[in-house]
Amino acid sequence: MRDRPLRLLFVSHSFPLPGDPLSNVGGMQRVATGLHDALAAHPGVELHRMVLETAWEDTTLRMPPFMAGLLRGIPRVVEREAIEVVLFSSMVTATLALPLRRRVAAAGARLAAIPVGRDVTLPVAPYQWLVPRVLRSLDFVLPISRATARECLARGAAPSRTHVVPCGVDTAAFGPPADRAAARAELLRAVGAEDAAPGALLLASVGRHQERKGFQWFASEVMPRLPQDVVYLLGGDGPATPGIRAEVERLGPERRVRLLGRLTEETLAMLYRGADQFVMPNVPVPGDIEGFGVVMLEAGLCGLPTLAADLEGIRDVVSEGENGHLLPARDADAFAAAVLRYHADRGALERASARAARHVAANFGWPAVADEYLRILRTGTRDAAALTSHAAAR
23 MRDRPLRLLF VSHSFPLPGD PLSNVGGMQR VATGLHDALA AHPGVELHRM
73 VLETAWEDTT LRMPPFMAGL LRGIPRVVER EAIEVVLFSS MVTATLALPL
123 RRRVAAAGAR LAAIPVGRDV TLPVAPYQWL VPRVLRSLDF VLPISRATAR
173 ECLARGAAPS RTHVVPCGVD TAAFGPPADR AAARAELLRA VGAEDAAPGA
223 LLLASVGRHQ ERKGFQWFAS EVMPRLPQDV VYLLGGDGPA TPGIRAEVER
273 LGPERRVRLL GRLTEETLAM LYRGADQFVM PNVPVPGDIE GFGVVMLEAG
323 LCGLPTLAAD LEGIRDVVSE GENGHLLPAR DADAFAAAVL RYHADRGALE
373 RASARAARHV AANFGWPAVA DEYLRILRTG TRDAAALTSH AAAR
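All residue numbers for the sequence shown refer to this note's numbering, where the first residue is 23 and numbers rise by one.
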């Protein structure tokens with residue numbers, strides 16, 4: 023390994039407003055900000071950045087001038103700072119690789135991007151015409167999961183340039199509570215659920231409310247199969263929220279399914295530390311894959327085993343019996359049985375909680391993930407045949 027740091031320019035449109043982390047939330051956003059901070063702290067990186075800090079609802083309006091500014095600004099920064107790698111945090115900003123490639127290469131820099139999932143598969147014909155051309159213009163394609171890698175390879179990404187690097191989690195920000203009973207009581211007070219049955223099993227989900235997340239399916243198909251002392255706490259919001267709320271009200275379990283809305287970081291940690299199990303009940307949606315699922319890492323680090331649909335990038339997060347269980351998507355009986363297993367055996371739940379925290383801490387800390395990015399960006403070598411066969415195996 024060479025002595026001097028790698029000079030890297032980090033480009034992202036996914037940052038929240040300064041001091042307001044709730045202004046722009048989601049998996050792509052957490053990947054971008056988490057990786058940025060890990061690279062900034064890495065002694066082997068000299069980090070420069072060009073990022074859009076914006077509220078989620080303003081992103082569409084602010085993207086055109088931001089992208090135009092990148093067209094002018096990236097070559098200038100590359101030349102002025104002798105940048106060696108330009109790293110785009112998603113395929114959205116990586117579309118600029120097409121017009122910038124020759125000028126950036128002439129300055130001695132290489133182009134890398136982190137495909138997340140939907141930024142590859144978005145089923146819009148003009149965009150799908152563009153994606154293969156962008157992938158072929160990159161020196162490094164760094165998908166966050168094997169599922170996303172398969173989508174990239176299917177669209178013409180060169181196997182020799184494609185390297186799967188998982189997402190990470192901030193091990194300092196999340197961790198199991200010293201006293202889960204006290205954490206549970208604090209959570210129930212915070213969400214107004216003090217009337218939950220004593221010893222109730224608390225299930226938790228967090229994410230943007232959209233079809234592929236399966237929240238409405240879980241509330242309508244799985245919760246009616248569970249005892250009255252199982253409570254489902256659902257954080258986040260999004261386009262599917264009205265449908266979820268209507269379905270919950272129609273079915274009548276409004277006191278067992280609680281919609282918590284958008285959560286502060288403090289309340290999110292409280293949810294993870296006070297609940298019993300995390301649920302990732304995704305359903306397959308054409309053109310909209312789950313690239314990874316950072317929330318499962320955060321929950322696992324806090325001691326929540328995950329019950330997850332056996333789909334897409336989720337498979338790279340959940341190791342069977344270590345930090346949770348993979349279940350057939352849309353199989354309500356399988357999900358209910360997995361919940362009931364721990365409902366009936368709280369000792370098994372306690373042991374699963376400890377295993378989940380250990381597994382995530384050992385395998386997904388951001389410093390180790392940043393090391394892997396640095397290794398690839400410095401060497402650019404990996405056994406592409408092994409990558410392709412490994413991905414095909416899943």
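Beta carbons are placed, not taken as given, at the ideal position from N, Cα and C, and that holds for glycine.
DSSP bridge partner residues for glutamate 75 (one or two, in chain order) | Taking the first residue of the sequence shown as position 1, residue 75 is located at position 53. Per DSSP, Phe37.
Item to check | Status (buried if at least 16 other CB within 10 Å, exposed otherwise) for proline 38 | outcome: Stepping through the sequence shown from its first residue, residue 38 is reached at position 16. Buried, since its Cβ has 16 or more Cβ neighbours within 10 Å.
Go ahead and pull the three-state DSSP assignment for arginine 272.
-> Working through the sequence shown from its first residue, we reach residue 272 at position 250. The answer is helix: DSSP assigns arginine 272 an H, G or I state.
Length-filtered (4 minimum) alpha helix (DSSP H) runs lying within the region 198-239:
202-212
Rounded separation between glutamine 150 and leucine 349 - CA only:
Translated into the one-based positions of the sequence shown, residue 150 becomes position 128. Translated into the one-based positions of the sequence shown, residue 349 becomes position 327. Rounded to whole angstroms, glutamine 150 to leucine 349 spans 31 Å at the Cα level.
Fill in: Cβ neighbours of alanine 54 in the same chain (closer than 6 Å, five flanking residues each side left out)
Translated into the one-based positions of the sequence shown, residue 54 becomes position 32. Around alanine 54: Ser34, Ser36, Ser111.
- prompt: Can you list, in chain order, the residues of its chain whose CB lies under 7 Å from that of glutamate 394, leaving out five sequence neighbours each side?
  reply: Start at 1 with the first residue of the sequence shown, and residue 394 comes out as number 372. For glutamate 394, where only same-chain residues beyond five positions count, the Cβ hits under 7 Å are Val187.
Report the rounded CA-to-CA distance for isoleucine 136 versus histidine 64, giving the unit in angstroms.
-> Numbered from its first residue, the sequence shown carries residue 136 at position 114. Numbered from its first residue, the sequence shown carries residue 64 at position 42. Approximately 19 Å, taken between the alpha carbons.
- Does DSSP put alanine 376 in a helix, a strand or coil? Numbered from its first residue, the sequence shown carries residue 376 at position 354. Helix, per DSSP.
*asked:* So, for arginine 158: in the same chain, excluding its five sequence neighbours on each side, which residues have a beta-carbon less than 8 Å away from its beta-carbon?
replied: In the sequence shown, the residue the question calls residue 158 occupies position 136. Within the same chain, arginine 158 has close Cβ partners Gly178, Ala179, Ala180.
- Message: By the DSSP assignment, the beta strand (DSSP E) with histidine 64 in it spans what residues?
- Response: Position 42 of the sequence shown, counted from the start, is the residue given in the question as residue 64. Where histidine 64 is concerned, there is no enclosing beta strand (DSSP E), given that its DSSP letter is neither H nor E.
>> Beta-carbon within less than 7 Å of arginine 123's beta-carbon, same chain only, minus the 5 sequence neighbours each way: which residues are those?
In response: Counted from its first residue, the sequence shown places residue 123 at position 101. Result list for arginine 123: Leu133, Ser159, in chain order.
Point to revise | Neighbourhood of alanine 147 by C-beta, 6 Å cutoff - its chain only, sequence neighbours within 5 removed | key: As a working note, residue 147 is residue 125 in the sequence shown. Hits under 6 Å: none found.
Query raised in the report: For glycine 91, which of helix, strand or coil comes out of DSSP?
Result: Along the sequence shown, read from residue 1 onward, the residue named residue 91 stands at position 69. DSSP places glycine 91 in helix when its eight states are reduced to three.
Margin query: Here's a check: name, in chain order, each residue in its chain whose Cβ is nearer than 7 Å to the Cβ of glycine 309, leaving out the five neighbours to either side.
Written below: Here residue 309 refers to the residue found at position 287 of the sequence shown. Answer for glycine 309: Thr143, Leu144, Pro145, listed in chain order.
| Under three-state DSSP, which class holds arginine 155? | By 1-based counting over the sequence shown, the position of residue 155 is 133. It is helical.
**OP:** Under the assumption that glycine 214 contacts histidine 231 (Cβ atoms under 8 Å), give the Cβ distance between them as a whole number of angstroms.
**Re:** As a first step, residue 214 is located in the sequence shown; it is residue number 192 there, counting from the start. As a first step, residue 231 is located in the sequence shown; it is residue number 209 there, counting from the start. Contact flag wrong, Cβ pair sits at about 20 Å.
**Message:** Could you check whether valine 252 and histidine 347 sit closer than 8 Å to each other, using their CB atoms as the reference points?
**Reply:** Taking the sequence shown and counting its residues from 1, one reaches residue 347 at position 325. Taking the sequence shown and counting its residues from 1, one reaches residue 252 at position 230. The answer is no: Cβ separation not under 8 Å.
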